[in-house]
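Residue numbers (the numbering used here), protein chains in the order written: chain Y, 813 to 961; chain D, 813 to 961.
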DNA sequence: TATTGTTATACTCTATAACTATA
DNA sequence: TATAGTTATAGAGTATAACAATA
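Pasting the structure below:
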């Protein structure tokens, strides 16, 4: 009886590929973003905070998949650097509404530019159609898994 | 002067997509692999060890992007469970050649089966062409970034 | 001198439990 | 009673420094 499958080599393992692609993009982004004093994770927090409705810490965390205890330290850091500010919600005084300062908006705008540039460089080895297809596929996978929770 | 770019929403950020896709696959795989007593990372170690040439701990780590201090604990765990064994290289007595035990080969075979199944389920929302294109794109990105180091 | 494996240590990230203030 | 924020703490995962054995 012959072996049905040889072990899949590393380079074809989806888990390996996703992990290493993520790691490498994160490192490249961190380098590109360093001059602006934020990393990719913090920039994503700024993006969520910049959205239309005012959000509490927990609501920001929910959109990012970050729990509330982690949010405290994350917001602390951004507030120390003057990028965001907490203010009590008048309607529910348990909640901290988190808002961008002027410096935060500036950091967001310039950080986003840098992040786009880092992504563009990262995707450079792919042609336009391949890159678009990659993003579409990841969107489907992340959305599917989320709704199946 | 109009703003050139609105901040990219989370779902179009490559960093967010890669991180969450990786996380979700890792969790699904861990669940699928749990009955076999290994996680995806450990299974990848078994795959590397199962390769043709006998490898030392450092050589196994190099292929996985894991440093030698991390390898010690990783191999300790696998050895405690009787899946691998260390033996001194006769040619260079500084090196531990790591080999699979019979139980390790069995675990590898059955774990690989389970991992393939988990990947298949994870990719199910994509059609065959989309899934193949995703894997190809990731391979290009990981290979490119590695050679640029 | 350099390399392999090892240990101890530290640092990041994340999660859990318990507290407070509000509802 | 439940929820938002906070703190302290603990657990993974990973990285650095120093040491013993060997080359």
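Glycine is no exception: its CB is placed at the ideal position from the N, C-alpha and C atoms.
Since the structure is predicted, the reported quantities are computational estimates derived from the model, not experimental observations.
For the pair residue 841/D and residue 928/D, the CB atoms are not nearer than the 8 Å cut-off. Segment contact: the stretch 842 to 857 of chain Y against the stretch 846 to 855 of chain D, fewer than three CB-CB distances shorter than 8 Å; contact not assigned. For residue 951/D, the chain Y residues whose C-beta falls within less than 7 Å of its own C-beta are 823, 829, listed in chain order. No Cβ-Cβ contact shorter than 8 Å links residue 950/D with residue 938/D.
For the pair residue 844/Y and residue 921/Y, the Cα-to-Cα distance works out to about 14 Å. Taking all protein chains in view, the Cβ of residue 894/Y is surrounded by fewer than 16 other Cβ atoms within 10 Å, so the residue is classified as exposed. Interface annotation, residue 875/Y: in contact with chain D, CB-CB separation under 8 Å. Counting along the chain, residue 912/Y sits inside the beta strand (DSSP E) bounded by residues 908 to 912. The Cβ atoms of residue 887/D and residue 896/D sit closer than 8 Å to each other.
The C-beta of residue 886/D comes no closer than 8 Å to any C-beta of chain Y. Interface annotation, residue 894/Y: not in contact with chain D, CB-CB separation never under 8 Å.
Secondary structure note for residue 823/D: it is in no alpha helix (DSSP H), with a DSSP letter that is neither H nor E.
A direct Cα-to-Cα measurement between residue 873/D and residue 910/D gives close to 11 Å.
Taking C-alpha positions only, residue 941/Y is separated from residue 915/D by approximately 45 Å. When C-beta distances to chain Y are compared with 7 Å, the residues of the stretch 837 to 858 of chain D below that value are 837, 838, 841, 852, 856, in chain order.
Within the stretch 840 to 914 of chain D, complete alpha helix (DSSP H) segments of at least 4 residues are found at 852 to 861, 869 to 876, 880 to 892, given in chain order. When C-alpha distances from residue 924/Y are compared across 858/Y, 902/Y, 881/Y, the shortest belongs to 858/Y. DSSP, read as helix, strand or coil, puts residue 955/D in helix.
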